[in-house]
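Going down the list, the protein sequences come from chains A and B. Take 1 as the starting number for the first sequence in my numbering and just add one per residue. Take 302 as the starting number for the second sequence in my numbering and just add one per residue. Below is one structure, written out as structure tokens; the observations come after it.
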Amino acid sequence: MSTLPDPAPEAPSAETPVAKPGRESLHYAVRNPKLIIGVTLVAILLAIGVVGPMLLDNGNPNEYVGPQAAAPDGTYWMGTTTFGQDVYAQFVHGLRATFLVGVVGGAIAAVIAMVVGFLAGYRGGVTDEILNMLTNVVLVIPALAVLLIINAYMGVRSVAVQGLFIGLTSWPWAARAIRAQTFSLRTREFVDLARLSGSGTWRIVFREIAPNMSSYLFMMFILLFGGSILIASSLDFIGLGPTEGVSLGLMLQSAQQWSALQLGMWWWFIPPGAGITAIVGALYVANVGLDEVFNPKLRES
Amino acid sequence: MRRYFARKLLIYGLTFVVAVTVNWMIPRFMPGDPVSAMVARARVSQPEAAEAMRTYYNNLFGFDEPLWQQYLHFWGALLQGDFGISIFVFPTPVGDVLLDALPYTLGLMIPAVLLSWFVGNWIGALSARRKVLDNTVLPAGYLLTAMPYMWIAVILAWALGAKAGWFPISGGYSLDIQPGWSGDFVLDALHHWVLPFLSLFLVALGGWAIGMRNMIIYELESDYSSYLSALGAPQRLIRRYAFRNAVLPQVTGLALQLGVLVAGALVTEIVFAYPGLGSLILAAIQNQDFFLLQGAFLFIVIGVLIANFLIDIVYVVVDPRTRTGMAGGTS
Numbered sequence: 001m002s003t004l005p006d007p008a009p010e011a012p013s014a015e016t017p018v019a020k021p022g023r024e025s026l027h028y029a030v031r032n033p034k035l036i037i038g039v040t041l042v043a044i045l046l047a048i049g050v051v052g053p054m055l056l057d058n059g060n061p062n063e064y065v066g067p068q069a070a071a072p073d074g075t076y077w078m079g080t081t082t083f084g085q086d087v088y089a090q091f092v093h094g095l096r097a098t099f100l101v102g103v104v105g106g107a108i109a110a111v112i113a114m115v116v117g118f119l120a121g122y123r124g125g126v127t128d129e130i131l132n133m134l135t136n137v138v139l140v141i142p143a144l145a146v147l148l149i150i151n152a153y154m155g156v157r158s159v160a161v162q163g164l165f166i167g168l169t170s171w172p173w174a175a176r177a178i179r180a181q182t183f184s185l186r187t188r189e190f191v192d193l194a195r196l197s198g199s200g201t202w203r204i205v206f207r208e209i210a211p212n213m214s215s216y217l218f219m220m221f222i223l224l225f226g227g228s229i230l231i232a233s234s235l236d237f238i239g240l241g242p243t244e245g246v247s248l249g250l251m252l253q254s255a256q257q258w259s260a261l262q263l264g265m266w267w268w269f270i271p272p273g274a275g276i277t278a279i280v281g282a283l284y285v286a287n288v289g290l291d292e293v294f295n296p297k298l299r300e301s
Numbered sequence: 302m303r304r305y306f307a308r309k310l311l312i313y314g315l316t317f318v319v320a321v322t323v324n325w326m327i328p329r330f331m332p333g334d335p336v337s338a339m340v341a342r343a344r345v346s347q348p349e350a351a352e353a354m355r356t357y358y359n360n361l362f363g364f365d366e367p368l369w370q371q372y373l374h375f376w377g378a379l380l381q382g383d384f385g386i387s388i389f390v391f392p393t394p395v396g397d398v399l400l401d402a403l404p405y406t407l408g409l410m411i412p413a414v415l416l417s418w419f420v421g422n423w424i425g426a427l428s429a430r431r432k433v434l435d436n437t438v439l440p441a442g443y444l445l446t447a448m449p450y451m452w453i454a455v456i457l458a459w460a461l462g463a464k465a466g467w468f469p470i471s472g473g474y475s476l477d478i479q480p481g482w483s484g485d486f487v488l489d490a491l492h493h494w495v496l497p498f499l500s501l502f503l504v505a506l507g508g509w510a511i512g513m514r515n516m517i518i519y520e521l522e523s524d525y526s527s528y529l530s531a532l533g534a535p536q537r538l539i540r541r542y543a544f545r546n547a548v549l550p551q552v553t554g555l556a557l558q559l560g561v562l563v564a565g566a567l568v569t570e571i572v573f574a575y576p577g578l579g580s581l582i583l584a585a586i587q588n589q590d591f592f593l594l595q596g597a598f599l600f601i602v603i604g605v606l607i608a609n610f611l612i613d614i615v616y617v618v619v620d621p622r623t624r625t626g627m628a629g630g631t632s
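Here you go:
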């Protein structure tokens, strides 16, 4: 395991083995409206999450700054909460936490899925049996239920720890998909050739097999990224979110807890949910676009 | 086919053992003294009750025994249906508390899961053949699947409940009605059921519709479809074959999605204060009632395992390959 090269999830797509398909993909990528719309939307939201908090003169989004329960206006773009907290300040900080939990959770899940999927698919036999059984066991246990009891027992919670736990529980479907792909690639000639030349398992996996499914791995990471965001928002909503700072899920939780619904304070619960929906939806749409770019069969339709 | 079921049963058995072990390990391997912490957190006002809880915990955990014995005792109690005693509703056994909530959760989940699957697959299959429908279903589907369950629940409660006033936005029934099998209660419960059901149904619907649409398009472009149309087979026949092949992954997908759907049902219940497992779990977390939380966890795992087993049976019915034992190991 120590010889494992760093499988940064973004890396494979950048260094596709043959130059021509890469250029061809780029040609179709810049002409695919779904991909462009999705990527642009994610980029805008990411920019708001990164730059937004810096432009606020107030570092703490939970501070009581304004009038209580005010509707959106020129000063408070998204209104204020029952306590006079600035919803816009919470929103931009929350976006940042949301992206963070998505990246941490998605990356950890992707790494585990790749290790398990590649090993099971390439080695086969007993290794495959054991890893497959492990995958199926984790797949059947509902991740949220495990996260619920672990989180409830843990006193201190942070966005990073939450991302870690989400990553540790959400990898099985991806591992199964990678295993299936590896299975079909491992009997190809170029893999046999590499094996004959005496390359080790991980060398073959990362030099020969992984580059041939790089587009697939990249798309898988995007889905895991979106999934982590949705799971994290559910946990936050149940009251198991980070104990410090703010996230979009926590905003929804406090809106619910302080009856924003009954008070008609739509500006308190619309923005955080819309933020999550926009990020996850844009990721999915970009994913469909990518699929069309990489898969010529889908391009015409 | 026997091999297929033997494999599945082995996995479900293993999963259950792992779940029970996780449940057992967490309080034992947490830092600090869990018994005093739990008694202190429960904030029981009467000293006798606090003392009763302390002895109860010590007996239950059996901290003076070796670990392996504690583990065996835990299994022994569990197999006799003993989940411990709830702190939140103090002397009531956890099993009873959970059984009271279960009908509400099942009544919400089963129709939402099944109906969204059927309607979603139907819409998806239709949209794969009509361009106009496709252009509306696809964006709507992506929007719906990207929505967090609690957000669509909040939006529905706000629009159809608070604004329009058509449906009540909290509880499983009106407080002035006694739960029972009277006509009044059933109507009232149905009235309260609509919004939580709708929010679960809508989010799941989008995913199934998109999945089905993509699968049908994929099947229609595959070699056998081209071959059939080259032979001059009618489009209806080709579509029928495409549909039958596209349904199989959707059945597997249902098994894979169960965990997510459970999570969705839990947060939806919390939004509507619906008296099911989700609201109980929230109360358990807020009151640091770990026995209730652990019991709920085991209930959910058992429920998911049973549901998965039922889906396996359905799979055998719809996929002839499992019957001949060819594809036993693929799922």
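Note that CB positions come from ideal geometry on N, CA and C, so glycine has one too.
At least one C-beta of chain B is nearer than 7 Å to the C-beta of A/Ile141.
The continuous stretches of alpha helix (DSSP H) do not include B/Lys464, and DSSP gives it neither H nor E. Residues of the segment 265-296 of chain A with a C-beta atom less than 7 Å from some C-beta of chain B are Trp266, Phe269, Gly273, Ile276, Thr277, Val280, Gly281, Tyr284 and Val285, listed in chain order.
Between the segment 286-293 of chain A and the segment 346-355 of chain B, the count of C-beta pairs closer than 8 Å stays below three; the two stretches do not touch. Contact residues of the segment 172-205 of chain A toward chain B are Trp173 (C-beta to C-beta distance below 8 Å). A check of alpha carbon separations from B/Val323 across A/Leu147, A/Pro53, A/Ala113 and A/Gly79 identifies A/Leu147 as the nearest. At a C-beta separation below 8 Å, B/Ile601 has these neighbours in chain A: Pro142 and Ala145. With the rule of 3 Cβ pairs closer than 8 Å, the segment 183-193 of chain A does not count as touching the segment 152-168 of chain A.
Ranked by Cα distance from B/Leu611, the first of B/Glu366, B/Leu559 and B/Asn436 is B/Leu559. Out of A/Gly264, A/Val42, A/Arg203 and A/Leu217, the CA that lies nearest to the CA of A/Gln181 is found in A/Leu217.
For A/Val137, the nearest CB of chain B lies under 7 Å from its own CB, placing it at the interface with that chain. Across the structure, B/Pro449 and B/Ala458 are spaced so that their CA atoms are roughly 14 Å apart.
Interface criterion not met: the Cβ of B/Leu476 is under 7 Å from no Cβ in chain A. Under the rule that a run must span 4 or more residues, the alpha helix (DSSP H) segments found entirely inside the segment 359-406 of chain B read 368-380. Put simply, the backbone Cα of B/Leu557 is about 25 Å away from that of B/Leu581. DSSP, read as helix, strand or coil, puts A/Thr80 in strand. B/His493 is classed as buried because its beta carbon has at least 16 other beta carbons within 10 Å across all chains shown. In the DSSP secondary-structure assignment, A/Asp236 is not bridged to any residue. For B/Gln479, the number of other beta carbons within 10 angstroms of its own is below 16, and it is reported as exposed. In summary, the residues of the segment 605-617 of chain B whose CB is separated from some CB of chain A by less than 8 Å are Val605, Leu606 and Asn609, in the order they occur in the chain. For A/Gln68, the three-state secondary structure derived from DSSP is coil. Counting other Cβ atoms within 10 Å of its Cβ, B/Val618 stays below 16 and is therefore classed as exposed. Boundaries of the alpha helix (DSSP H) harbouring A/Leu261: Ala260 to Leu263, taken from the DSSP string. When secondary structure is reduced to three states using DSSP, B/Gln479 falls in the coil class, being assigned neither helix nor strand. Considering only A/Val111, A/Gln90 and A/Val115, the residue with the shortest C-alpha distance to A/Met251 is A/Gln90.
Closest in C-alpha terms to A/Leu261, from the list B/Ala566, B/Asn609 and B/Val572, comes B/Val572. Residue A/Phe237 holds the alpha-carbon nearest to the alpha-carbon of A/Gln253 among A/Leu263, A/Ser259 and A/Phe237.
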